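Chemist: Dropping a structure here in structure tokens format, bear with me for questions.
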Amino acid sequence: MTNADDLYARYPEVLYPGDLRDVPSGWLGIVDQYFQVVSPLMTDTGYEVVTAAECAGGLDWMWTSPLSSMTEERHRAMDREDVLLELRSYHMCSACGQPGKGWKSGKTIVTRCEAHGVGERVVDSKPLQRRTPHGVVRYDETTDQLVEVDQEI
Ligand SMILES: [Zn+2]
303 MTNADDLYAR
313 YPEVLYPGDL
323 RDVPSGWLGI
333 VDQYFQVVSP
343 LMTDTGYEVV
353 TAAECAGGLD
363 WMWTSPLSSM
373 TEERHRAMDR
383 EDVLLELRSY
393 HMCSACGQPG
403 KGWKSGKTIV
413 TRCEAHGVGE
423 RVVDSKPLQR
433 RTPHGVVRYD
443 ETTDQLVEVD
453 QEI
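The following block contains the structure:
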């Protein structure tokens with residue numbers, strides 16, 4: 303499994319040692335996927351991770367960059383990659399990186415596979431969606447991509 307030191311070495315332009323200290327090891331694979339797209343796009347923009355931590359079953363991820371370096375193309379791509387990273391985390395075991403679902407133990411909600419689940423399975427009544435500047439999207443597990451959702455439902 304990918305570890306944080308691998309990612310610091312692979313993406314020195316956009317990651318500083320310590321940025322991923324609060325990211326569960328099972329999610330480092332999706333962080334790697336994210337930076338495969340984001341690193342070449344954001345090199346030399348001053349991209350810096352601000353928040354990267356597990357929160358209520360998902361990966362809370364925030365970054366900053368001086369606005370002057372943000373082109374329209376970068377904004378579009380980053381809007382998409384940020385949502386994709388977050389929604390992927392809700393489908394990925396934070397312990398091992400295998401496909402996962404929501405589990406609730408007391409007040410704690412985590413995303414885990416069958417082997418690492420704790421407490422009770424959370425049954426979602428409808429799939430997670432996110433509003434982006436370019437429409438409403440959901441995550442499709444089969445294709446590992448975002449899918450636009452018809453807003454006239
Ligand atoms: Zn697991």
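FYI, in my numbering the residues of the sequence shown are 303 to 455.
Note that beta-carbon positions come from the ideal geometry of N, C-alpha and C, so glycine has one too.
These figures come from a predicted structure and were not determined experimentally.
1) Mind listing which residues have their beta carbon within less than 7 Å of any non-hydrogen atom of ligand 1? Chain order is fine.
2) Using the beta-carbon count (16 or more within 10 Å), is Ser371 buried or exposed?
3) Does the distance from the C-beta atom of Leu309 to that of Val339 stay below 8 Å?
4) For the region 352-365 against the region 313-328, do three or more pairs of beta-carbon atoms, one drawn from each stretch, fall closer than 8 Å, so that the two count as touching?
5) In angstroms with no decimal places, state the Cα-to-Cα distance between Glu374 and Gly421.
6) In this structure, does DSSP put Arg433 in helix, strand or coil?
7) Does the region 425-433 come close enough to the region 388-401 to have 3 or more Cβ pairs within less than 8 Å?
8) Tell me the DSSP secondary structure of Ala354 in three-state form.
Modeler: By the coordinates alone:
1) Neighbourhood of ligand 1, defined by CB distance below 7 Å to any of its heavy atoms: Gly328, Cys395, Ala397, Cys398, Gln400, Gly402, Arg414, Cys415, Ala417 and His418, in chain order.
2) As a first step, residue 371 is located in the sequence shown; it is residue number 69 there, counting from the start. Result: exposed.
3) Numbered from 1 along the sequence shown, position 7 holds the residue referred to as residue 309. Numbered from 1 along the sequence shown, position 37 holds the residue referred to as residue 339. Result no, Cβ atoms of Leu309 and Val339 do not sit closer than 8 Å.
4) Segments in contact, yes.
5) Position 72 of the sequence shown holds residue 374. Position 119 of the sequence shown holds residue 421. One C-alpha to the other measures close to 44 Å.
6) By one-based count along the sequence shown, residue 433 stands at place 131. Three-state DSSP puts Arg433 in a strand.
7) yes
8) Stepping through the sequence shown from its first residue, residue 354 is reached at position 52. Strand, per DSSP.
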